[in-house]
Each structure stands twice: as C-alpha cells, then as structure tokens.
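What follows is a set of notes on a single structure, which appears directly below.
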Amino acid sequence: MGNKSGAWAKVWPPVIVIAALLACWQAVTMWGQVDQWLLPSPLSIVQEAASANVWPRLAEHTGATLRLTLLGFAGGSAAGFLLAALLHLIPGLRTAVYPLLVVSQNVPIVVIGPLLTMWLGYTLLPKVLLVMMVCFFPISVAMLSGLTNTDPQLRNYLQMIGTGKWQLFWKLELPHAVIHLFSGLKLAASYSVLSAIVAEWLGTNKGLGYFMQLSAKGFMPERVFASVFIIVALSLSLFGLMTLAEKLLLRWRPAKKEGN
Numbered sequence: 106m107g108n109k110s111g112a113w114a115k116v117w118p119p120v121i122v123i124a125a126l127l128a129c130w131q132a133v134t135m136w137g138q139v140d141q142w143l144l145p146s147p148l149s150i151v152q153e154a155a156s157a158n159v160w161p162r163l164a165e166h167t168g169a170t171l172r173l174t175l176l177g178f179a180g181g182s183a184a185g186f187l188l189a190a191l192l193h194l195i196p197g198l199r200t201a202v203y204p205l206l207v208v209s210q211n212v213p214i215v216v217i218g219p220l221l222t223m224w225l226g227y228t229l230l231p232k233v234l235l236v237m238m239v240c241f242f243p244i245s246v247a248m249l250s251g252l253t254n255t256d257p258q259l260r261n262y263l264q265m266i267g268t269g270k271w272q273l274f275w276k277l278e279l280p281h282a283v284i285h286l287f288s289g290l291k292l293a294a295s296y297s298v299l300s301a302i303v304a305e306w307l308g309t310n311k312g313l314g315y316f317m318q319l320s321a322k323g324f325m326p327e328r329v330f331a332s333v334f335i336i337v338a339l340s341l342s343l344f345g346l347m348t349l350a351e352k353l354l355l356r357w358r359p360a361k362k363e364g365n
C-alpha cells in the first residue's frame, strides 16, 4: 500500500501541471482570438486525429516510425554494448578510438543522413543506421564507465586469488556495469524516436516524419500537433519500458533511502 501511495505521489504533480497547461491552451484558443490555422485547440487536435479519414493514416505512419525506432534502438544498443566491451578489454584501443567516438557525435545527423542516402539509396537501411549512430554513443559511454569504475578492493582481491581477465569481466565488471548500462539505454530510448523522425525527413513515404511534413505543407496544424503528441508518447513509452526493465532485472540493488 505504501509503495502505491508513493508512486502516486510522484505521478499526480506532473499530471496536474499538464492538465492545467492543456486547459489554458484550450481557453486561449477559444476566447483569445487565436486563429485555428495558427494554433489549434487541444480538442480540435484530438477530433482531427480521431476522424475516420485521418486515424487509419496516423496509425499506419506510427507503425512505420515505431518499426524504424525499434530496429535502430536494438542495433544501436548492441553496437554500443559490444564497442564498450572491446574498448575495455583490448589494451590501447580505448585511447585510440574513444576520441573518434566523441568527434563523431559533433557531426550533425542532418549532414550524415544525406550521405547515407547517397551511398545506400532510399531504403530502410540508411535510416536504421542513422538511428543506430544516435543511440550507440550514450550506451557505450555509460557501459564503459561502469566497466571501469568497479570496486578497487574487490578487484584486487579477485586478482590476488588468481581470477583471469575474462573471469574478472564476467563476474565483477559486467554485473557492475549493468546499472550504468540502463542509464545509457534510457537516454538512447529517448533519442531514438526523434532520430527516427529526422531519418524519415530525408526521404520516405511512410512514418510520422513524412506525415508531419505533408501536413505542414498542406497547412493542417491539427495533424502536425497530433503527430507531435504521438512522438512524445512513443518516447515516453520507450523510456518507461527501459525503466521498468531496470527495476525488474536489478531487484538485487538496494533501494534508495528517502532524502538521499
């Protein structure tokens, strides 16, 4: 009972704030002399999204974006995990490669996207690769931090009793890094949907990114806002799934005390 009340205490403040913002938004559009084509009301956005001729298209485009997001997120997660393990296990590789990883994140994805499209064509592959490039970095950095910052006393003890490098990795470093790994996964989950939208802007006929562009060019702001709401919902859902998976898989971790 206490856990449920504590969870509800964390949920209701942002829910109330969001409801108040939506109510203010609705009031401004109804009595603030704001044109609907400039700022549609939340009610008109919901009505437009739920209409018979829009909802099937929205559902189809949402499915395409979700597919691209999940493929890129899964591939980026696997790449980030393997890269962090290699940089940690192979001497000298981290010093040589890690600066290049940092540099790669300073190149805008709107520049990388057209290059991937030129090299690989207007297929699903360049879009998946673009999402992977966004997702793998926070995962690899978080994982590498966890592998490196293990308990030095426990490490020394295991080395004293003859534990080899691979055994040390599997028995000490990897279990310790899982906590850090989920931090990277939650960040990547948030970025994955947004990067999928950018990838769809590069050239496709399916996805919420394409639907947003089409709606904006047709001066249909209700559909643009409906797409934005769905994108936010997808991002929050993926983040929530990673948070739930963290709680289920890391039940052994001591619970944080209130006030810490």
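For the sequence shown, our numbering begins at 106 and goes up steadily by one. Note that CB positions come from ideal geometry on N, CA and C, so glycine has one too.
{"Query": "Nearest-angstrom Cβ-Cβ length linking Ser149 and Met135, presumed shorter than 8 angstroms", "Result": "10 angstroms between Cβ atoms; not a contact."}
{"Query": "Residue environment, Thr170, which counts as buried when at least 16 other CB atoms sit within 10 Å", "Result": "buried"}
{"Query": "Residues near Val373 by beta carbon distance below 8 angstroms, same chain, minus five either side", "Result": "The requested residue 373 does not occur in the structure, where the chain is confined to residues 106 to 365."}
{"Query": "Burial state of Leu307 (16 or more Cβ within 10 Å)", "Result": "buried"}
{"Query": "Status (buried if at least 16 other CB within 10 Å, exposed otherwise) for Gly115", "Result": "Looking at the sequence provided, one finds Lys at residue 115 rather than Gly. Lys115 should be labelled exposed."}
{"Query": "Contact the segment 256 to 269 vs the segment 202 to 211: 3+ CB pairs below 8 angstroms", "Result": "no"}
{"Query": "C-alpha distance - Ile266 paired with Thr200, whole-angstrom precision", "Result": "29 angstroms"}
{"Query": "Helix, strand or coil at Gly226 [DSSP, three-state]", "Result": "coil"}
{"Query": "Ser156 vs Val239 beta-carbon contact at 8 angstroms", "Result": "no"}
{"Query": "Cβ distance (whole Å) where Val233 is taken to contact Gly180 below 8 angstroms", "Result": "6 angstroms"}
{"Query": "Stretch-stretch touch, CB-based, cutoff 8 angstroms, three pairs: the segment 160 to 169 with the segment 314 to 327", "Result": "yes"}
{"Query": "Meets three-Cβ-pair contact criterion under 8 angstroms: the segment 123 to 138 and the segment 267 to 282", "Result": "no"}
{"Query": "For Leu144 and Phe324, the rounded distance between their alpha carbons", "Result": "11 angstroms"}
{"Query": "Straight-line gap, Thr309 to Leu343 (C-alpha atoms, nearest Å)", "Result": "23 angstroms"}
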